[in-house]
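Asker: Mind having a look at this structure? Questions to follow.
The structure is reproduced here in structure tokens:
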């Protein structure tokens, strides 16, 4: 009898559809990938800033040209032409995260080895929900999660999963915390009874510096954002353990504290809540402690900085994003729990996955560890990136970003017209231009940021920073996640901000005062 | 003054960290990608089945060898060596989705053009939450979502988002439905009041064929799985509109119907609920109608099959997965809403994203359309895949899978010892081996599936199918999502199943009866 394998090759060669994973498809892929790399190089070489100038109208116009016509034209079009046109537009009008002035968001410029791993991940298209969806991928995910848990100081009873990002990790944390206090009058799982099983009004405790994804998670899980109680914080925004203790002691009897959410690396200033003290308070009241270390978790990689995360190993759950400090492309979310059983509510029975006899024979997947079913494999890029850099290499990358922030802060402080919010705690620098007293400083800084974007000279973030005088002004933010940037380059970025602000002021005083400040001319 | 751009090149060349997006990093990437493609080709050529033989113990042993040692060794290791070793193990022990006998799960073998797009996506690492995180990527996502909404028949008021998979799309659907009935006594958003604002006991109506991710979504959103009311269905598992009408009319006064969940392509048999009639019932009672077309949504691409989805354009929300029919790698989830305002509960204010003055100037992202913040761009692979295949090409791919199912069903029906569950509705074939009366058929079919996996000859799914005699036996399932497979190859897959079952029976009758049936010897 001819086997399937003997029969395949000739027939597949003539087929209209060539999957990427066959030898013929792989050669198509090689050609396309070379085109892609050439296109990315060309886009990089012609660009003179972190983004092309012109702002939203110019991007909209570029999109109109590149995306003209239907997504599904009637007839097939030559793949290489479609591909070349679309990726050229995509690359030309992308933010160049390798540029020293692309410091607007917590997106790192990823390493080549991580990108090559993504190619393998995508081509093989394994999934993690069942053994037969990706047998080796499952082992790899378990290995990566276990080693990350160990890095955080968790023991062998811990569990966790890679996720599609920090927001989903935080959602899983709120879920695990919620389900730890839901009683189950029906005798079923916390999932079965829902919030009706709660009995009392839920309360979530955190500070004002807590990331907005926590609010969303509280909304999604049905607890309701009104349940969030902002506990007193010190001037840097960090929770005050004694005050939190008092708040918990004074909670009304008809309420139930669901979780304390601690921040390890606030996205603005990079502060870490006092974890050891929060652990003590959480234990005293038997309340779930979640540490959102989406940003600050990278300090675990640095012997110099990891002391700031002391206590994290005693938290009930941890969020980390390796697409921030970690230099893998998004998404590389991480969610860890100190006790693997905290995820039990997710392990429903299904008729199609992980039957008991299969499980007994070793054929089962990670469906029950995640809120997803089909789930792309993010572990391969993590494994190759961390292994190829090693402890020393990763530490150096994190430390460099931290040092760059220190350098940039010094440079900002030396500029008389720039105000620095505070010495950088981790790798962000908060600054604002101080215009004359007759100008609205918030509006000016907002406009300055837009001008830099529409000029294509710098991409900054923006936020508001509570000041000791009770105000909450707009600040601009540099987020430094590119270890290849040099201090000298950052000097030029800061100088560019100053020059643009000065030019805007000069224009306001001069005849061009009526010109629009945004949208690109 | 030297500009940042003039200063970059020389310094970056000597840096320890070379991001993939720089010209030097791109050359590193080219080398690694060539290694990757060679490794994938080698793995493909040596493999004689959809997976290497040996089952879980063999995979565990391979993982032990490949993953020996810490994820973070002290010193950096040569990237190309780490990479080659890990991807060789990953590829060798992966499920080969291009193999005709890899029919266990709804994972498609993706096209080369989609994979090359993933490389671009990963290298540029854009995100969709803010303008400055990916200006062109935002335009592309909007374009792709709009065109997919149009494909579903939605109008210009519709909205939606790409998601990390069908489970998250279904979560968003339950969330939107929930928030459409939550009253807001505080005058805030549905998110603010949570389920406390519901007042009455929520009810979710669906059939037994509804995907388990709906149960999860109902659990996550705090509604509680006990709120799920399985409405009467016909023998194929489809909701009966008149019965649903009666159930709704008879709901107790202290309950509130939150949503009707319709199935468009059940994962086992591929049936579609009677959508036009369900639309009428949903409208009569003012209840949210969600259509989970994660699997069946692909029929929109086929003129021959899309009539089966008639009525979908009148649903309030739709889930689709382009990583099933769509031939892009996971994740390519799609969530569509008929009225874009259905997602308003997600658009909280934050201090860091989309300030009003930025928004007025066109600088804003898609943060408010999704449950994520940083979000990877899945639209590029969709755009290049759909455009390069066109309507005719995509229709042909979907139709081929449908035809393959018909062919395989015929082949199964012709085997006296195999039982076919029913004529295939879409692209799955349900079959089981009929052992002698003294053998537990469920246990035998479970063992048969494991034997095929541990032999490395075929990967099938498994489920239970309710029969007219009231039993619910184990069936095995072929999920046909590879249009490159030929009918002749499928004949051999079925023949292989028969031969293995016969060999197992012979062994049971003979001296080897005590041999273990699983785990691979």
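Protein chains in written order, with this note's numbering: chain A, 1 to 521; chain B, 1001 to 1521.
Backbone N, C-alpha and C define an ideal beta-carbon position, used for all residues, glycine too.
#1: Could you round the C-beta distance between residue 1060(B) and residue 403(A) to whole angstroms and report it? I think they count as a contact, below 8 angstroms.
#2: Using 8 angstroms as the limit for Cβ to Cβ distance, is residue 1020(B) near chain A?
#3: Looking at the unbroken beta strand (DSSP E) that takes in residue 1108(B), where does it start and where does it end?
#4: How big is the Cα-Cα spacing for residue 246(A) and residue 240(A)?
#5: List, in order along the chain, the chain B residues whose C-beta lies closer than 8 angstroms to that of residue 77(A)?
#6: Please classify residue 1465(B) as buried or exposed, where buried requires at least 16 neighbouring CB atoms within 10 angstroms.
#7: If distances are taken between C-alpha atoms only, which option among 1048(B), 1126(B), 1112(B), 1351(B) comes closest to residue 92(A)?
#8: What residue from 1175(B), 1205(B), 1350(B), 1266(B) has the CA that sits closest to residue 1479(B)'s CA?
#9: Can the beta-carbon of residue 99(A) be found closer than 8 angstroms to that of residue 50(A)?
#10: For residue 1412(B), which residues from the same chain have a beta carbon less than 7 angstroms from its beta carbon, with the 5 sequence-adjacent residues on both sides left out?
#11: How many angstroms separate the CA atom of residue 1073(B) from the CA atom of residue 146(A)?
#12: Give me the residue from 371(A), 153(A), 366(A), 112(A) with the minimum Cα distance to residue 318(A).
#13: Nearest to residue 90(A) by CA position, among 1117(B), 1020(B), 1366(B), is which residue?
#14: With 8 angstroms set as the bound, which would you pick, yes or no: does the beta-carbon of residue 219(A) sit closer than that to a beta-carbon of chain B?
#15: At a cut of 8 angstroms, does the stretch 325–337 of chain A reach the stretch 349–357 of chain A through at least three beta carbon pairs?
#16: Is there at least one Cβ from chain A nearer than 8 angstroms to residue 1357(B)'s Cβ?
#17: Which of helix, strand or coil does DSSP assign to residue 1131(B)?
#18: Distance cutoff 8 angstroms, beta carbons only. Does residue 1519(B) sit that close to anything in chain A?
#19: To the nearest angstrom, how far is it from the Cα of residue 1086(B) to the Cα of residue 157(A)?
#20: Would you tell me roughly how many angstroms separate the C-alpha atoms of residue 988(B) and residue 133(A), rounded to the nearest one?
#21: So, do the stretch 279–294 of chain A and the stretch 244–263 of chain A have three or more beta carbon pairs nearer to each other than 8 angstroms?
#22: Among 1220(B), 1316(B), 1425(B), 1096(B), which has the Cα closest to the Cα of residue 1149(B)?
#23: Which residue from 282(A), 161(A), 222(A) puts its Cα closest to that of residue 206(A)?
#24: With residue 1212(B) as the anchor, note down where its alpha helix (DSSP H) starts and where it stops.
#25: What's the call for residue 372(A), buried or exposed, on a 16-neighbour Cβ count within 10 Å?
#26: Got a sec: is the Cβ-Cβ distance from residue 325(A) to anything in chain B below 8 angstroms?
#27: Have a look at residue 170(A) and residue 1441(B) and give me their C-alpha separation to the nearest angstrom.
#28: What's the C-alpha gap between residue 453(A) and residue 1159(B)?
#29: Where does residue 389(A) land, buried or exposed, given buried means 16+ other C-beta within 10 angstroms?
#30: Could you give the DSSP three-state label for residue 477(A): helix, strand or coil?
#31: Closest Cβ-Cβ distance between residue 1224(B) and chain A: below 8 angstroms?
#32: Residues of the stretch 119–136 of chain A with a CB closer than 8 angstroms to any CB of chain B: list them in chain order, please.
#33: Just the Cα atoms here: how many angstroms apart are residue 227(A) and residue 268(A)?
#34: Have a look at residue 1474(B) and residue 1414(B) and give me their C-alpha separation to the nearest angstrom.
#35: When DSSP labels each residue in this structure, what does residue 1393(B) get in the three-state scheme?
#36: According to DSSP, simplified to helix, strand and coil, what is residue 262(A)?
Answerer: Quick look at the numbers:
#1: Wrong, their Cβ atoms sit about 43 angstroms apart, outside the cutoff.
#2: So, interface residue.
#3: Bounds of any beta strand (DSSP E) do not take in residue 1108(B), whose DSSP letter is neither H nor E.
#4: A straight line joining the alpha-carbon of residue 246(A) with that of residue 240(A) spans about 10 angstroms.
#5: What residue 77(A) touches in chain B: 1387, 1388, 1390.
#6: In summary, residue 1465(B) is buried, with 16 or more beta-carbon neighbours lying within 10 Å of its beta-carbon over all protein chains present.
#7: Nearest in C-alpha terms to residue 92(A), of all of 1048(B), 1126(B), 1112(B), 1351(B), is 1126(B).
#8: It is 1266(B).
#9: Residue 50(A) sits close to residue 99(A), with the two beta carbons spaced by under 8 angstroms.
#10: Here the set comprises 1418, 1420, 1429, 1431, 1494.
#11: Those two C-alpha atoms are separated by around 15 angstroms.
#12: Just measuring C-alpha positions, the residue of 371(A), 153(A), 366(A), 112(A) sitting nearest residue 318(A) is 153(A).
#13: The candidate whose alpha carbon is nearest that of residue 90(A) is 1117(B).
#14: So, interface residue.
#15: Segments in contact, no.
#16: Flagged as an interface residue toward chain A: residue 1357(B), by a C-beta distance shorter than 8 angstroms.
#17: When secondary structure is reduced to three states using DSSP, residue 1131(B) falls in the helix class.
#18: In this prediction, residue 1519(B) has a pLDDT of 43, which is less than 50 and means its spatial position is unreliable; what the coordinates show is noted afterwards. Residue 1519(B) counts as touching chain A.
#19: The C-alpha of residue 157(A) is placed about 27 angstroms away from the C-alpha of residue 1086(B).
#20: The requested residue 988(B) is not part of the displayed model; chain B covers only 1001 to 1521.
#21: Flag = yes, the stretch 279–294 of chain A and the stretch 244–263 of chain A touch.
#22: Residue 1316(B) holds the alpha-carbon nearest to the alpha-carbon of residue 1149(B) among 1220(B), 1316(B), 1425(B), 1096(B).
#23: Residue 282(A) is the option with its Cα nearest to residue 206(A).
#24: The continuous alpha helix (DSSP H) containing residue 1212(B) extends over residues 1212–1220.
#25: In the assembly as shown, residue 372(A) is a buried residue. Its beta-carbon has 16 or more other beta-carbons within 10 Å.
#26: So no, residue 325(A) is outside the interface.
#27: For residue 170(A) and residue 1441(B), the distance between alpha carbons rounds to 44 angstroms.
#28: Computed Cα separation, rounded: 28 angstroms.
#29: Residue environment for residue 389(A): buried (at least 16 other C-beta atoms within 10 angstroms of its C-beta).
#30: Looking at residue 477(A) - three-state DSSP - the assignment turns out to be strand.
#31: Chain A has a Cβ within less than 8 angstroms of the Cβ of residue 1224(B).
#32: If the cut-off is 8 angstroms between Cβ atoms, the stretch 119–136 of chain A has 119, 120, 121, 122, 123, 124, 125, 126, 127, 129, 130, 131, 132, 133, 134, 135, 136 near chain B.
#33: About 24 angstroms.
#34: So the two alpha carbons sit approximately 20 angstroms from each other.
#35: The answer is helix: DSSP assigns residue 1393(B) an H, G or I state.
#36: The DSSP-derived three-state label of residue 262(A) is strand.
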